[in-house]
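The structure appears below as structure tokens.
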Amino acid sequence: MAAWLQLCGVARRFGAIAALKGIDLALDADEMLVVLGPTGAGKTTCANLMMRFWDPVSGAVKLGGHDIRDFKIDELRERIGLVSQDTYLFNDSIRENIRLGRLDASDKEIEEASRQANAHDFVASFPDGYDTMVGERGMQLSGGQRQRISIARALLKNAPVLVLDEATSHLDAVNERQVRQALELLMEGRTTLVIAHRLSTIRHADLIVVLDNGRAVEQGDHHQLLERHGLYSQLVSTQLVGVVGGNHHVEQQEDHEHRPAYGPEHLPGIPGTSGHGHRH
Ligand SMILES: Nc1ncnc2c1ncn2[C@@H]1O[C@H](COP(=O)(O)OP(=O)(O)O)[C@@H](O)[C@H]1O
Ligand SMILES: [Mg+2]
């Protein structure tokens with residue numbers, strides 16, 4: 381299965397809500413696409429369509445030129461590593477939760493992935509280490525800790541296609557920097573769809589797409605998009621993309637319980653940014 385990726389006229393509705401209204405995207409193998417946009421723009425819907433958590437109402441998602449509905453669902457999911465906004469933890473040990481990335485991984489490989497994801501230190505600090513039980517009936521992990529477990533899973537999985545849906549949104553600035561290094565390693569030589577929350581990874585993007593209200597309103601590289609003086613340049617000028625050059629970083633307190641203090645939903649004057657709902 382070649383790893384080039386296309387969305388061809390993809391539309392998806394949820395009842396009366398048109399989440400995606402005909403999206404066309406193409407991404408070559410080994411390229412990195414960054415998708416940005418305000419809350420509710422349809423970013424997560426794109427990620428979930430790729431995993432076939434649901435299918436488009438019209439159009440198709442293609443991998444290597446084939447409609448992904450032509451693959452067996454587990455074969456498809458084997459080839460895509462997903463780090464999502466919300467990491468589901470099963471009622472099992474941390475070790476087994478990481479092992480979900482690849483069921484035949486050894487304990488040593490699990491620990492190695494965990495170190496790369498910057499998870500090892502907090503895991504090792506628990507009395508039971510990797511045997512610590514998590515999930516609904518186990519220890520409650522913070523959003524950032526869950527996200528690092530999810531990244532360790534993806535590292536272990538070693539899939540050719542990687543989908544990162546706001547993969548660092550729960551991390552504080554220090555952890556984000558460390559995890560970003562692991563993610564950058566992970567992205568190398570893979571087809572990567574990054575749904576960005578903080579835009580620090582954007583300078584590596586081969587293509588940036590701005591979604592708004594279910595449509596791809598702008599596409600191009602950083603400089604092309606800046607010249608359009610559209611939504612992208614608004615995002616940039618509100619400091620959200622202030623990290624593009626990598627020179628400064630918006631610092632943020634570690635905060636496990638609350639949403640980050642800034643994000644697309646907080647931008648003034650952009651449609652759909654009123655920050656409705658709890659998740660984004
Ligand atoms: N499972 C769902 N059921 C109903 N509406 C949904 C569902 N998932 C997404 N939506 C709606 O689709 C739109 C796009 O959502 P989403 O893709 O999550 O946006 P984003 O990730 O850009 O914030 C929003 O209006 C959202 O409320
Ligand atoms: Mg989302």
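Counting from 1 along the sequence shown, just add 380 to a position and that's the residue number in the working numbering. Every residue, glycine too, gets a C-beta built ideally from N, C-alpha and C. Please read all numbers here as calculations on a predicted model, not as lab measurements.
Does at least one heavy atom of ligand 1 sit under 7 Å from the Cβ of residue i?
i    : result
T572 : no
K423 : yes
I403 : no
G523 : no
F470 : no
I588 : no
A399 : yes
F451 : no
G417 : yes
G439 : no
F394 : yes
G420 : yes
Per DSSP, what kind of secondary structure is residue i in: helix, strand or coil?
i    : result
V559 : helix
E598 : strand
L521 : coil
L429 : helix
A399 : strand
G509 : helix
V415 : strand
K488 : helix
D552 : coil
D447 : strand
D408 : coil
S464 : coil
Since residue i contacts residue j with CB under 8 Å, what's their CB separation in whole angstroms?
i    : j    : result
S530 : T467 : 4 Å
A493 : A547 : Between A547 and A493 the Cβ distance is about 15 Å, and since that is not below 8 Å, they are no contact.
R460 : V543 : In the sequence under discussion, the amino acid at residue 460 is Ile, which differs from the Arg named in the question. Correct: roughly 6 Å between the Cβ atoms.
G600 : I588 : 6 Å
L429 : P436 : 6 Å
What separation, rounded to the nearest whole angstrom, lies between the Cα atoms of residue i and residue j?
i    : j    : result
D545 : R393 : 20 Å
D586 : M412 : 5 Å
L407 : P507 : 45 Å
I490 : W384 : 29 Å
D404 : D511 : 45 Å
R549 : G594 : For the record, residue 549 in the displayed sequence is Ser; it is not Arg. Answer to the nearest angstrom: the Cα atoms are 22 Å apart.
R526 : A539 : 20 Å
S522 : L535 : 20 Å
H638 : Q465 : With a pLDDT of 35 at H638, under the threshold of 50, the predicted position of this residue should be treated as unreliable, and no value is reported.
G524 : L551 : 5 Å
A596 : A497 : 32 Å
L416 : L483 : 33 Å
D487 : C426 : 34 Å
M519 : E476 : 14 Å
D450 : G509 : 42 Å
A499 : Q558 : 10 Å
R517 : I453 : 30 Å
N471 : S438 : 37 Å
G420 : G395 : 15 Å
L606 : T618 : 13 Å
H609 : G389 : 26 Å
L456 : M431 : 7 Å
G697 : K537 : Because the chain is modelled from 381 through 660, residue 697 falls outside the range shown and cannot be assessed.
D501 : E568 : 25 Å
H324 : Y612 : Nothing about residue 324 can be reported from this structure: the residues present for the chain run from 381 to 660 only.
Is any heavy atom of ligand 2 found at a distance shorter than 7 Å from the C-beta of residue i?
i    : result
D592 : no
Q465 : yes
D545 : yes
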